[in-house]
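S.K.: Residue numbers (my numbering), protein chains in the order written: chain A, 29 to 270; chain B, 519 to 623.
C-beta atoms are modelled at their ideal positions from N, C-alpha and C, and glycine is treated no differently.
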Amino acid sequence: MRNGGVIRVAGVSSPVRSRVLRDAVGLGLAVGLYGAAFGAAAVAAGLDVWQASAMSLLMFTGASQFALVGVLGAGGSALAAVGSALLLGTRNTVYGVRLVQLLPTRGILRRLGSAHWVIDETTALSIAAPDRALARLAFLAGGASIFVVWNATTVLGALGAGALGGPAQAALDAVVPAAFLALLWPRLQRAFPEAAVQRRVAVGGAVVALALTPFVPPGVQVIAAVVAVALAGRPRRTAVAP
Amino acid sequence: MSGTALWATVIAGSLGCYLLKLAGLSVPATWVEQPWVARVVDFVPAALLAALVAVQAVTSGHELVVDGQLAGLAVAAVALALRAPFIVVLLLAGAAGALAHVVTG
Chain A
29 MRNGGVIRVA GVSSPVRSRV LRDAVGLGLA VGLYGAAFGA AAVAAGLDVW
79 QASAMSLLMF TGASQFALVG VLGAGGSALA AVGSALLLGT RNTVYGVRLV
129 QLLPTRGILR RLGSAHWVID ETTALSIAAP DRALARLAFL AGGASIFVVW
179 NATTVLGALG AGALGGPAQA ALDAVVPAAF LALLWPRLQR AFPEAAVQRR
229 VAVGGAVVAL ALTPFVPPGV QVIAAVVAVA LAGRPRRTAV AP
Chain B
519 MSGTALWATV IAGSLGCYLL KLAGLSVPAT WVEQPWVARV VDFVPAALLA
569 ALVAVQAVTS GHELVVDGQL AGLAVAAVAL ALRAPFIVVL LLAGAAGALA
619 HVVTG
């Protein structure tokens with residue numbers, strides 16, 4: 029670890045503080061591209077700029093947002109679209125359980141506010157921080173920068189996509205599955221926990237979805253693909269030990 | 519889908535996702551920390567995202583269709599394997615999709 033020495037004397041912690049802030053802001057800028065891709069995908073699926081923006085403001089969890097517009101874009105029903113967004117949103121419930129000790133959750137208003145920013149990125153930032161105060165700082169700084177950039181780039185992506193036509197529209201259509209693949213990709217890499225099992229589940233999910241496509245209403249096959257989770261098998265004993 | 523129905527979908531999905539986040543900060547940890555709950559939640563994204571990739575790339579309604587989207591996806595996979603940045607992956611996929619559209623008319 030590059031800054032290990034600095035962390036160990038973190039009582040003073042100003043270098044650590046600035047590194048936490050830098051990481052938080054950096055991550056905010058990095059998700060901006062995904063925000064633009066989401067805005068474009070939302071418009072391609074038939075949402076208007078206001079609806080795309082409302083999703084980034086109110087839903088504010090990328091994979092669920094992509095899933096909702098992806099299912100609508102495939103001709104799926106509202107129920108199938110909301111269902112797949114909720115299935116992907118269950119991750120955030122687990123994150124919340126991990127973060128509850130670290131975050132400002134005393135008092136109903138703080139809890140309601142903190143909850144909105146519990147996502148992949150803020151969880152990663154908070155858990156990586158060396159102590160509780162810095163975890164809170166990482167959560168707030170990361171949440172704020174991601175929220176601002178994500179919403180701004182959603183508008184830009186939606187406006188940009190709305191102005192396209194012809195071959196540019198075909199380009200946009202090809203960008204949407206590529207964006208899903210980019211969201212999936214890190215989970216299949218060797219560094220990810222149980223990557224081989226993740227790959228098996230991913231292949232299973234794709235096969236189930238394609239096999240059901242001719243027979244079920246559009247979008248339902250995406251939700252049905254969740255049965256592929258069974259391919260993961262039982263929880264590992266070692267992972268259960270406290 | 520009408521504008522009103524789209525708004526209802528957006529609001530219902532957003533409210534549901536928010537309540538899932540809030541639940542994590544509110545319910546007793548033991549409810550969520552069951553080994554099999556953790557197992558399912560760990561693997562739901564892989565199953566659903568892969569299903570979305572497949573459905574977006576090769577289906578249209580009830581049909582399986584091979585077109586520019588599959589070309590774009592193949593190019594994206596190569597770019598990701600070469601560790602290209604996200605923006606490059608999307609631009610290449612878009613270019614492949616547009617090219618396929620022009621070539622196939």
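Under the criterion of a Cβ to heavy atom distance below 8 Å, does residue 525 of chain B qualify as lining the ligand ATP?
M.R.: Annotation note on the ligand ATP: not contained in the displayed structure, which lists no ligands.
S.K.: Anything in the stretch 202 to 227 of chain A with a Cβ closer than 9 Å to a Cβ of chain B? List those residues in chain order, please.
M.R.: Per Cβ criterion, the list reads 202, 203, 204, 205, 206, 207, 208, 209, 210, 211, 212, 213, 215, 216, 221, 222, 225, 226 and 227.
S.K.: Consult DSSP for residue 577 of chain B and reduce its assignment to one of helix, strand or coil.
M.R.: Three-state DSSP puts residue 577 of chain B in a strand.
S.K.: For the stretch 94 to 118 of chain A, enumerate the residues whose C-beta is nearer than 8 Å to any C-beta of chain B, in chain order.
M.R.: Residues passing the 8 Å Cβ filter: 94, 95, 96, 98, 99, 100, 101, 102, 103, 106, 109, 110, 112, 113, 114, 115, 116, 117 and 118.
S.K.: Please report the Cβ distance between residue 166 of chain A and residue 154 of chain A, rounded to the nearest whole angstrom; I am assuming they are in contact, meaning their Cβ atoms lie under 8 Å.
M.R.: That pair is a contact at about 5 Å.
S.K.: For residue 538 of chain B, return the contacting residues in chain A, with the cut-off set at a CB-CB distance below 8 Å.
M.R.: Per Cβ cutoff of 8 Å: 114, 117, 118, 120 and 121.
S.K.: In the DSSP output, what is residue 582 of chain B paired with across the bridge?
M.R.: Paired residues: B/577.
S.K.: Rounded to a whole number of angstroms, what is the C-alpha to C-alpha distance between residue 180 of chain A and residue 171 of chain A?
M.R.: In a straight line, the C-alpha of residue 180 of chain A is about 14 Å away from that of residue 171 of chain A.
S.K.: CB-CB under 6 Å to residue 92 of chain A, same chain, minus the five flanking residues each way: which ones, in chain order?
M.R.: If we look at residue 92 of chain A and ignore the five residues flanking it on each side, its Cβ neighbours are 113, 116 and 117.
S.K.: Can you list the residues of chain B that residue 180 of chain A reaches, using a CB-CB cut of under 7 Å?
M.R.: Per Cβ cutoff of 7 Å: no residues; residue 180 of chain A is ~16 Å from chain B at best.
S.K.: Taking the C-alpha atoms as reference points, what is the distance between residue 59 of chain A and residue 161 of chain A?
M.R.: If I take the Cα positions, the gap works out to 24 Å.
S.K.: Which same chain residues, not among the five before or five after residue 74 of chain A, have their C-beta less than 8 Å away from its C-beta?
M.R.: Contacts found: 100 and 101.
S.K.: Does residue 154 of chain A have its Cβ less than 9 Å from a Cβ in chain B?
M.R.: No, its Cβ sits nowhere closer than 9 Å to a Cβ of chain B.
S.K.: Could you list which residues in chain A have their beta carbon closer than 8 Å to that of residue 527 of chain B, in chain order?
M.R.: Near residue 527 of chain B (Cβ distances below 8 Å), the residues of chain A are 96, 100, 106, 109 and 110.
S.K.: Kindly indicate if chain B contains any beta-carbon less than 9 Å away from that of residue 127 of chain A.
M.R.: Residue 127 of chain A counts as touching chain B.
S.K.: Quick one, which residues of the stretch 184 to 199 of chain A are near chain B if we go by CB-CB under 9 Å, in chain order?
M.R.: Flagged, chain order: 194, 195, 196, 197, 198 and 199.
S.K.: Should residue 251 of chain A go down as buried or exposed, given a rule of 16 or more other Cβ atoms within 10 Å for buried?
M.R.: Its Cβ being crowded by 16 or more others within 10 Å, residue 251 of chain A is buried.
S.K.: Strictly below 9 Å CB to CB, what residues from chain A border residue 544 of chain B?
M.R.: The contacting residues are 124, 128, 133, 139 and 143.
S.K.: Thinking just about the alpha-carbon of each residue, which of B/550, B/608 and B/622 is nearest to the one in residue 64 of chain A?
M.R.: The shortest C-alpha separation from residue 64 of chain A is found at B/608.
S.K.: Under 9 Å Cβ-Cβ, which residues of chain A neighbour residue 582 of chain B?
M.R.: Going along chain A in sequence order, the residues near residue 582 of chain B (Cβ under 9 Å) are 238, 241 and 242.
S.K.: What in chain A is Cβ-close to residue 620 of chain B, meaning under 7 Å?
M.R.: Within 7 Å Cβ-Cβ: 195.
S.K.: Can you say whether residue 520 of chain B is buried or exposed, counting buried as having 16 or more other CB atoms within 10 angstroms of its CB?
M.R.: Looking at its Cβ environment, which holds fewer than 16 other Cβ atoms inside 10 Å, residue 520 of chain B is exposed.
S.K.: Exposed or buried, what is residue 619 of chain B when buried is set at 16 or more other beta-carbons lying within 10 Å of its beta-carbon?
M.R.: Under this definition residue 619 of chain B is a buried residue.
S.K.: In this structure, does DSSP put residue 76 of chain A in helix, strand or coil?
M.R.: Correct three-state label for residue 76 of chain A: coil.
S.K.: Given a threshold of 16 other Cβ atoms within 10 Å of its Cβ, counted over all protein chains shown, does residue 242 of chain A qualify as buried or as exposed?
M.R.: Under this definition residue 242 of chain A is an exposed residue.
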